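S.K.: Residue 117 in my numbering is what sits at position 107 of the sequence shown, and the numbering runs on without skipping anything. Please read through the structure below; I'll follow up with questions.
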Amino acid sequence: MKKLLPDKCKFLIPLFFILAVFGLYFFNQGYYIGRNPYPSGDEPDYLVGAMKIKDYGGLSKIISYLTSGSFSESKKHPFYMLLLSFFADKSLDFFVYAKFFNFILGGLLLVASYFIMRRIFNSFAAVFYVLILALSELFLAETALVVPDNLMTLLILLGCYFYYLGFKSKSILQGKYWVLGSVFCGLAYLTKPNGIFLLASFIFSVIVILGKRTFKSKQFYLSLLAFLVIASPLLIRNYVLYKNPFYNNNVSLLWIENRQERRAPDFNQAPPTVFSYFAKKGVGNELKLYGENFVKMASNFSMLILFGEWQWRFSLSLLLLTVLSVILDKDKKRAKFLGVFFGFSYLFFAYNYKVSPHYRHIMPIMFIPVGFTSIIFGNIPFISLRSKKFLYNIALIMLAVIGLFLGYKKLYSEKRFSWKVFEGQIDVSEAHIQTKNWLVSNVKDLDTFVMGLDDNFMFSWYTDIKGKRVIQPYFDSFEKFSSFLINNEVHYVVLGGQTVNSFPEIYQNYFVKKSNSPDYLRRVVEPDRWVAVFSFPFGNEEHFKVLIYDVSLLWK
């Protein structure tokens, strides 16, 4: 029987599919980056970090910047900032450039994912995964932010791919693949702290698979050396500043009950410990909370992979199907390596959920449940191999056709299939502009001002404010905060609704948030010797987006 399609033309079908999916990604991601009109949350930190790297000398001096301890950021890692530094500019345009850089990273991730998922798993996994990347509303919304999760997902996928090829190869080829895997693992660690889980999973899997031969394997030692070389600038920085090569301040957040406690002035000098936390919290209560968050973490995967479905019947079914597929997988090396990596990551992020339940933490590993559930066709019992292949091919065609049809239908119905989705890339609020202008005009070189992390106060990445800024510190009473203002001779306190809402221990007797509107605050009573010098909106005597007080009478 003649072939339906010549071998020379077989590449046309995946090429057409990738181009069609890229079209979905292009307009959907364009829509979401347009809905992120101004940096908030972690975004300004990465923009500021990129500017600092550029000012220090950029790529040519990045090793010196890290090893000298000049890079003092203790929570975020530098690789993404380094990439942003190539086009960093102290202007509003920098944010637009950064968003489109993420847009390009997402396109690279989509194309790479298709071929890697085909190689590690099968075509069904490749088709399903790239449809998720192009259509999942949660994934697109998260990757529209100027944060390193697109980059992290790409690096983790590449690291896993080369590690997997190494497990499947022998001798010299194994060493080459493992070294490449460790290079991408090192870059992942330089991007986000959880990149270390990939290295730990690789080491554990090698020991399980090779046993005693592990410690006689030159390839294994070369791969570890490759990771250390790539990650060494950050490891040296950590040792110089913190006496721990793998230090990250985020670990301390696991041992606090109130996230704002990390803003306490003495937090870094005397961070909480696991022993003090469990003594206060109790092991039983913590285990109960962990069990609840373990299930919630499954819902996060379900929301990302199943396009917003979060109910327990979906999330737990997905998790159980993933575990079952790992157990039944005929490729034992794949099952051990990726199963261990998924297990390590899942257990940690389920515990970390109480501190940071964000979807973006698990995006780099969501390819694993997608991949393993896709091999279920090969494990269906009591069905012939020929029938399995037939069912697999039918499911693959239906998935691709229905996915593309529904995707383009949504683009058309929601009017995203237009160049207009790229409009409105930057939009600065009037509250932001007026607050920035007042601070630029009034704060002097020797002044100290306290200001929280409200969205309206995110302008340090493109505007220089004189004086010394202190991020709103945590105290368990207004009296202790007043003592801090006196001892540090603070001139101004800048308040917004988000700050007041985040620090009720300090402000609840004086300021409260407006009902159903966390961006606004309401003044209950003015603190003694606090003199209002600025408010926005102008002329409003009840609700404010911004209040600035001169508090220098406390200590003068």
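The beta carbon of each residue, even a glycine, is placed where N, CA and C say it ideally should be. Keep in mind that this is a model prediction, so the values were computed, not measured.
#1: Do L57 and P47 have their C-beta atoms within less than 8 angstroms of each other?
#2: Please check the pair F311 and L328, which I expect to be a contact at CB under 8 angstroms, by giving their CB distance rounded to whole angstroms.
#3: Do the region 180 to 199 and the region 120 to 139 meet, that is, are 3 or more Cβ pairs less than 8 angstroms apart?
#4: Decide if K12 is buried, meaning its Cβ has at least 16 other Cβ atoms within 10 Å, or exposed.
#5: If you drop the 5 nearest sequence neighbours on each side, which residues of the same chain put their C-beta closer than 6 angstroms to that of E378?
#6: Expressed to the nearest angstrom, what Euclidean distance is found between the alpha-carbon atoms of F37 and A30?
#7: Are G381 and M162 touching if we call contact CB-CB under 8 angstroms?
#8: Exposed or buried, what is L168 when buried is set at 16 or more other beta-carbons lying within 10 Å of its beta-carbon?
#9: Leaving out five residues before and five after I266 in sequence, what residues of the same chain have Cβ atoms less than 7 angstroms from its Cβ?
#10: Using the beta-carbon count (16 or more within 10 Å), is A241 buried or exposed?
#11: Just to confirm the assignment, what range does the beta strand (DSSP E) spanning P243 have?
#12: Hey, is K64 close to the ligand GDP, as in C-beta under 7 angstroms from one of its heavy atoms?
#13: Look up Y42 in the DSSP assignment and say whether it is helix, strand or coil.
#14: Since F89 contacts L200 with CB under 8 angstroms, what's their CB separation in whole angstroms?
#15: Within the region 87 to 143, note down every full alpha helix (DSSP H) run reaching 4 residues or more, in order along the chain.
#16: Can Y35 and G116 be called in contact, C-beta distance under 8 angstroms?
#17: Along the alpha helix (DSSP H) that carries F377, what are the first and last residues, could you check?
#18: Taking just the CA atoms, how far does T224 sit from V216?
#19: Given a threshold of 16 other Cβ atoms within 10 Å of its Cβ, counted over all protein chains shown, does M408 qualify as buried or as exposed?
#20: Keeping to the same chain, check which residues put their C-beta closer than 8 angstroms to that of F427; ignore five residues upstream and five downstream.
#21: Hey, how far is the Cα of I182 from the Cα of D341?
#22: For the region 275 to 299, list the alpha helix (DSSP H) runs that are entirely contained and at least 4 residues long, ordered along the chain.
#23: Report the three-state DSSP secondary structure of G477 (helix, strand or coil).
#24: Leaving aside the five residues before and after E94 along the sequence, list all residues of the same chain whose C-beta is less than 6 angstroms from its C-beta, in chain order.
#25: What does a CB cutoff of less than 7 angstroms around P528 pick up in its chain, not counting 5 residues either side in sequence?
#26: Cα separation between L150 and R539?
#27: With distances taken between CB atoms, is the gap from V350 to S192 smaller than 8 angstroms?
#28: Which of the three DSSP states, helix, strand or coil, is assigned to A360?
#29: What's the gap between the Cα of P158 and the Cα of F513?
#30: Report the rounded CA-to-CA distance for V365 versus G51, giving the unit in angstroms.
#31: What is the DSSP secondary structure of G33, counted as helix, strand or coil?
#32: How would you write the range of the alpha helix (DSSP H) that L493 sits in, first residue to last?
#33: Can you tell me whether D341 is helix, strand or coil according to DSSP?
#34: Note the first and the last residue of the continuous beta strand (DSSP E) segment covering S527.
M.R.: With the given structure in hand:
#1: no
#2: 6 angstroms
#3: no
#4: Reliability of the predicted coordinates at K12 is poor, the pLDDT of 47 falling under 50, and the value obtained from them is presented with this limitation in mind. It is exposed - the Cβ of K12 has fewer than 16 other Cβ atoms within 10 Å.
#5: Reading the sequence as shown, one finds Ile at residue 378 and not Glu. Cβ within range, chain order: L348 and F352.
#6: 11 angstroms
#7: no
#8: buried
#9: R272 and P282
#10: buried
#11: Element bounds for P243: not the beta strand (DSSP E) but the alpha helix (DSSP H), K228 to Y252.
#12: Here there are no bound small molecules, and the ligand GDP is not part of this structure.
#13: helix
#14: 4 angstroms
#15: 89 to 95 and 103 to 130
#16: yes
#17: F377 to S384
#18: 7 angstroms
#19: exposed
#20: F37, Y418 and L421
#21: 21 angstroms
#22: 284 to 291
#23: coil
#24: According to the sequence displayed, residue 94 carries Leu and not Glu. So the list reads A60 and A108, once near-sequence residues are dropped.
#25: G507, Q508 and N511
#26: 48 angstroms
#27: no
#28: helix
#29: 28 angstroms
#30: 15 angstroms
#31: helix
#32: Here the sequence assigns Ser to residue 493, which means Leu is not the residue at that position. F488 to N497 is the span of the alpha helix (DSSP H), which, as asked, contains S493.
#33: coil
#34: S527 to R533
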